[in-house]
Amino acid sequence: MIEILSPAQVDQARVSGALVADVLQAMKARATVGTNLLEIDAWAKEMILDAGAVSCYVDYAPSFGNGPFGHYICTAVNDAVLHGMPHDYALADGDLLTLDLAVLTGGIAADAAISFIVGEQQRPEDLAMIDTTERALAAGIAAARPGAKIGDLSRAIGTVLKADGYLVNTDFGGHGIGTTMHGDPHVPNSGRPGRGYQLRPGLLLALEPWIMADTDELVVDEDGWTLRSSTGSRTAHTEHTIAITENGAEILTLPSTR
């Protein structure tokens, strides 16, 4: 179902979005060499519950996962890119970490993800991959306005990803969001302009370009959740929740203090 939110619900989405962004930035600051992924999950849980928010992940049990997920944040390291389940792993210098988080406040959800390098070993190819996803996300957001079609956003995202030489998997991508974390419409990371649902004010979308260095094939871990590149190559993933307004797109998942 595609949800069109009321102005009051969009206001609430701003609250959820700021919390998501604040938690992600706090976790990024605390994710240093030696930090355990389970510590990050515990810290995220504490921040979410202290804010009176509800995790979208802990009880999440979709058809594609081995649910419920049972954790408060996704932690994907190096060749893991989506649905990274926190486990007993201490971060090493040079690890490429993606944190993905969604919460509900006042019954409205927001969802975002960031990728970054832990420690001092900053590999240029990793930084370039992260930059590609960030520019692709910016292109998708720039294309999001009333009257545009989902295919216009997908084309804008995919054009950036492909221009930088990456293959694009369209099985998992962006999505509608509102009273639930995942809803229609699906927003693939590549597509044809002028196709699909027409955007209108009150629509919330989570746009999330993600790539793997040398493949578009995924494999799943034994945990039934964590998705990795089939070749073991590095990955990156960037995501914002946006609201379609009369004037274009508003990014909701920005930190409350900037």
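All you need for this note's numbering is the position in the sequence shown, starting with 1, plus 10. In this text, a Cβ means the ideal position worked out from N, Cα and C, and glycines have one as well. Every value quoted in this text rests on a predicted model; they were computed, and no experiment measured them.
1. Grab me the residues of R155's own chain with a C-beta within less than 6 Å of its C-beta, minus the 5 sequence neighbours each way, in chain order.
2. Compute the distance between the beta-carbons of D98 and G129, then report whether it is under 8 Å.
3. Do C66 and M191 come within 8 Å of each other at the CB atom, strictly closer than that value?
4. Less than 8 Å between the CB atoms is what I'm expecting for P163 and G150, so what's the real figure, rounded?
5. Any contact between the segment 188-204 and the segment 226-246? By contact I mean 3 or more CB pairs, one from each, below 8 Å.
6. State buried or exposed for R268, treating a residue as buried only when at least 16 other CB atoms are found within 10 Å of its CB.
7. Closest by CA to A112, which one among V43, M139 and I124?
8. Who are C84's beta bridge partners in DSSP?
9. Considering only the alpha carbon of each residue, which of A152, T189 and A31 lies closest to S15?
10. Count the C-beta pairs between the segment 215-228 and the segment 172-189 that are closer than 8 Å, then say yes if the count reaches three, no if not.
11. How big is the Cα-Cα spacing for L59 and G75?
12. Please state the DSSP three-state secondary structure of T255.
13. Between T255 and P211, which are expected to be in contact by the criterion C-beta below 8 Å, what is the C-beta distance as a whole number of angstroms?
14. Any idea what DSSP makes of I187, helix, strand or coil?
Let me spell this out:
1. To locate residue 155, count along the sequence shown from 1; it is residue 145. Excluding positions up to five away in sequence, the list reads G258.
2. Your numbering for residue 98 matches position 88 in the sequence shown. Your numbering for residue 129 matches position 119 in the sequence shown. Contact flag unset, no.
3. Reading the sequence shown from its first residue, position 181 is the one you call residue 191. Reading the sequence shown from its first residue, position 56 is the one you call residue 66. Yes. Within cutoff.
4. Locating residue 163 in the sequence shown gives position 153, where the first residue counts as 1. Locating residue 150 in the sequence shown gives position 140, where the first residue counts as 1. This sequence places Leu at residue 163; Pro is not what is there. Approximately 5 Å separates the beta-carbon atoms of L163 and G150; this is inside 8 Å, confirming the contact.
5. No, the segment 188-204 is not in contact with the segment 226-246.
6. Taking the first residue of the sequence shown as position 1, residue 268 is located at position 258. A caution first: R268 carries a pLDDT of 48, below 50, which makes its placement in the model unreliable, though a value can still be read off. R268 should be labelled exposed.
7. Indexing the sequence shown from 1 puts residue 112 at position 102. Cα-wise, what sits closest to A112 is I124.
8. Here residue 84 is taken as the residue at index 74 of the sequence shown, counted from 1. DSSP, once it has assigned bridges, lists D110 as partnering C84.
9. To locate residue 15, count along the sequence shown from 1; it is residue 5. The displayed chain sequence assigns Leu, not Ser, to residue 15. That would be T189, whose Cα lies nearest to the Cα of L15.
10. yes
11. To locate residue 59, count along the sequence shown from 1; it is residue 49. To locate residue 75, count along the sequence shown from 1; it is residue 65. Their Cα atoms are separated by approximately 24 Å.
12. For this step, residue 255 is matched to residue 245 along the sequence shown. In the three-state scheme derived from DSSP, where H, G and I count as helix and E and B as strand, T255 is classed as strand.
13. Within the sequence shown, numbered from 1, the residue matching residue 255 stands at position 245. Within the sequence shown, numbered from 1, the residue matching residue 211 stands at position 201. About 6 Å; that satisfies the 8 Å criterion.
14. Taking the first residue of the sequence shown as 1, we reach residue 187 at position 177. DSSP places I187 in the coil class of the three-state scheme, outside both helix and strand.
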